[in-house]
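Notes for the one structure printed next.
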Amino acid sequence: MGAGRFCGVHRMSTMFLRTLRDDPADAEVPSHRLLVRAGYIRRAAPGGFSWLPLGYEVFRNVERIVREEMNAAGFQEVHFPALVPKEPYEATNRYEEYGPNVFRVEDRHGAHFLLAPTHEELFTLTVKDLYSSYRDLPLIIYQIQTKFRDEARPRAGLLRTREFLMKDSYSFDVDDAGLQASYDAHRVAYIKLFERMGLPFVIVAATSGAMGGSASEEFLAPLDVGEDTFIRCTSCDYAANVEAVSTPVPDAIPFDDLPPAVVHHTPKTPTIATLVDYVNADPDTRHPERDWTAEDTLKNVVVKLKHPDGTVEPLAVGVEGHRDVDMKRLEAQFAPAEVVPFSDEDFAQHTTLKKGYIGPGVLGSENASGIRYLLDPRIVDGTTWITGADEYDHHVLQLVAGRDFTADGTIEAAEVLDGDICPSCGGTVEIARGIEIGHIFQLGRKYAEALGLTVRDENDQPITPTMGSYGVGVSRCLAAIAEATHDEHGLCWPREIAPADVHIVVAGKDGGPQGPVAETVATELEAAGVRVVLDDRQKTSPGVKFKDAELIGIPTIVVVGRGIADEANPVIEVKDRKTGGREDIAVDALVDHIVARCR
RNA sequence: CGGGGUGUAGCGCAGCUUGGUAGCGCGCCACGUUCGGGACGUGGAGGCCGGGAGUUCAAAUCUCCCCACCCCGACCA
1 MGAGRFCGVH RMSTMFLRTL RDDPADAEVP SHRLLVRAGY IRRAAPGGFS WLPLGYEVFR
61 NVERIVREEM NAAGFQEVHF PALVPKEPYE ATNRYEEYGP NVFRVEDRHG AHFLLAPTHE
121 ELFTLTVKDL YSSYRDLPLI IYQIQTKFRD EARPRAGLLR TREFLMKDSY SFDVDDAGLQ
181 ASYDAHRVAY IKLFERMGLP FVIVAATSGA MGGSASEEFL APLDVGEDTF IRCTSCDYAA
241 NVEAVSTPVP DAIPFDDLPP AVVHHTPKTP TIATLVDYVN ADPDTRHPER DWTAEDTLKN
301 VVVKLKHPDG TVEPLAVGVE GHRDVDMKRL EAQFAPAEVV PFSDEDFAQH TTLKKGYIGP
361 GVLGSENASG IRYLLDPRIV DGTTWITGAD EYDHHVLQLV AGRDFTADGT IEAAEVLDGD
421 ICPSCGGTVE IARGIEIGHI FQLGRKYAEA LGLTVRDEND QPITPTMGSY GVGVSRCLAA
481 IAEATHDEHG LCWPREIAPA DVHIVVAGKD GGPQGPVAET VATELEAAGV RVVLDDRQKT
541 SPGVKFKDAE LIGIPTIVVV GRGIADEANP VIEVKDRKTG GREDIAVDAL VDHIVARCR
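Heads up: the first sequence begins at 1 in the numbering used here, then just goes up one per residue.
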């Protein structure tokens, strides 16, 4: 057989590959840095990457795992166009709601298209085209396809791009029980799929954002580089994205015996910190037994809600003074509306609002400002607060909720803090960051209704199916795996993801006996079904080859070196990339040994 | 879109304050020596100094405008 140029063994001497000695300057997070350094990907556009041979192997492996698990779950693969007409998206109002995040294109006739950010509409319309009976349902179909989003800020290499590979599936059921079953089937399939990828993950309660619908959970890889913040309970299994956290509501407190509210002159106290310092220092306001803290204050933040139809509505939110208003959480409550800050010009128009001294006295649709006022759920009747008196340099103490003020409702928008109370068991929660690798939604009938999808039931009456949609970020998973598995030497792939099973290093003089032995070993391994990368580069020192092998991160490294010179017992070194453990294996036993490792 | 930073050889960077013939390391090419942990010597190739305008006898360097990229915030698989 010999060293045929085009046999299945991947040869470093001819592979389209250049590893970099230095970290690329524009890469910050480990996955980005290492994937570029190891020659897997190259940046080709803002938020767009080219896949080089090693990278594309890995890319296909991740895709294959997703496909196999979808098929194993009994879902059917389809493939829709990425370039789609805008009309279906107008019917569901998402052409508007997605706003600047969609790439819009025009054809030569001036017709409008978009590069699909997700495909609910097209799937729904196709089911409408073909199906008309309840007997056709349930149906679950999926695709693995490039998605486009005009991200304001692509970042962190593959973690946030404008073009990415996503698996998206859609379920159609006649009733809620069916939807629940389709949802559960995805949940189970996703658990298998992420376990198989070797990716640590947590499942958290989530909000559905622009997608619409009710129940939704996210699969997060718990890594600090992630952009999502979630909480998990330290004593039970509750976990939630901070956007979806529900705050346990304390019992109301009787307030009949509480002292009346008093307004105090508190000069130069426009912030919580200056206010707390002031009331602790002034004998008139000092607490008899302890120091006041930010937790004793009620902070009122005014923002504007910008609705997709262009209307703008001011909104006031009251939270405990030691917490900020979490704009992400707030926005999640009002999606698809956008939350924008209240500017100085806005303050100028709303003269009842005294910036830095805003209190419940003027807030609320019934009060002077007429601005809708929503409170954090912890601010129950009977709680006592220090808060703004709606007059510059004045605050009010002993202001009691339910007695001295009420709001238009409650809102989940306060910043979630480490040590908060678990809504499920009453324990304490901790905060962590994660990469969103999957998201499952129960959409309900929003899309079917908007697009007129109905089927006939057993009484020949039209019914509207209920839908779910389920996504896995395939290219993002690849980056998440790199994040979760790399070490200081380089990438370190799980075997099923890795671009090959073994990386054979020829460590000897050019023209020495190691070359032919490595060739033979490579050929035999290949024949035994092992995926092989062979570093047969000439004029390359062993040190460079070792470093590259570790950088590239194939799970088993085989070193054909001086060990084969021992005529009585020639050996080849086998090194585990992850553990660093090495052992010498007799040349004759090598293939069997490697095959056993790769199982 | 707001704030911060960076654009000089394929990659990583110096030079800019104080204007005067474009530099270093790695990589690349040739020859030789090396050959188990990013070897060494000798000799080479490679640059519209992000773009445009201006100031000046003279601009990588000073001024203005623009662009791109990275990071932090506002959005999402």
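Yeah, the Cβ is synthetic: ideal placement off N, Cα and C, and Gly gets one too.
Under 9 Å between C-beta atoms of residue i and residue j
i	j	result
A480	I435	yes
A189	A450	no
A507	K545	yes
V29	A156	yes
T124	A448	yes
V276	Q398	no
L179	Q349	no
I371	V174	no
G471	H503	no
K355	E391	no
R537	P555	no
F75	I140	yes
Exposure of residue i, with buried meaning 16 or more beta-carbon neighbours within 10 Å
i	result
D107	exposed
G8	exposed
T146	exposed
E583	exposed
T161	buried
A498	buried
R11	buried
S343	exposed
V558	buried
A586	exposed
N71	exposed
R149	buried
P260	exposed
T234	exposed
N300	buried
Endpoints, the alpha helix (DSSP H) within which residue i is located
i	result
G515	Q514 to A527
I557	Counting along the chain, I557 falls outside any alpha helix (DSSP H), though it belongs to the beta strand (DSSP E) covering T556 to V560.
N280	I272 to A281
D344	D344 to Q349
V36	P30 to R37
F334	M327 to F334
L417	Careful: L417 lies outside any alpha helix (DSSP H) and carries neither H nor E.
L551	P542 to I552
Secondary structure of residue i, DSSP reduced to three states
i	result
F405	strand
I231	strand
Y142	strand
A205	strand
S133	strand
Y609	Lying outside 1 to 599, the shown extent of the chain, residue 609 is not represented and no answer is given.
S50	strand
G388	strand
Y447	helix
A583	Going by the sequence as given, residue 583 is Glu instead of Ala. Strand at E583.
P341	strand
Y183	helix
G593	The sequence as given places His at residue 593; Gly does not occur at that position. Three-state result, H593: helix.
R5	The pLDDT assigned to R5 is 47, lower than 50, so where the model puts this residue is not dependable, and the model offers no usable value.
F255	coil
D312	The residue you asked about is not Asp; residue 312 is Val in the sequence shown. Strand, per DSSP.
Enclosing beta strand (DSSP E) for residue i [first to last residue]
i	result
L122	Looking at the DSSP string, L122 is not in any beta strand (DSSP E); the run it does join, the alpha helix (DSSP H), is E120 to L130.
R433	V429 to G444
H109	Neither: H109 is in no beta strand (DSSP E) and is coded neither H nor E.
E658	In this structure the chain extends from 1 to 599, so residue 658 is not present and cannot be described.
M467	T466 to G473
L397	H394 to V400
D576	V571 to D576
V603	Residue numbering for the chain in the displayed model covers 1 to 599; residue 603 lies beyond these limits and cannot be assessed.
R372	R372 to L375
A221	S216 to A221
In DSSP terms, what residue i is bridged to
i	result
N367	Answer is none; N367 lacks a bridge partner.
N300	G318
R11	L534
V505	D535 and V559
R599	According to DSSP, R599 bridges with nothing at all.
R43	F49
F148	E163
E77	Y142
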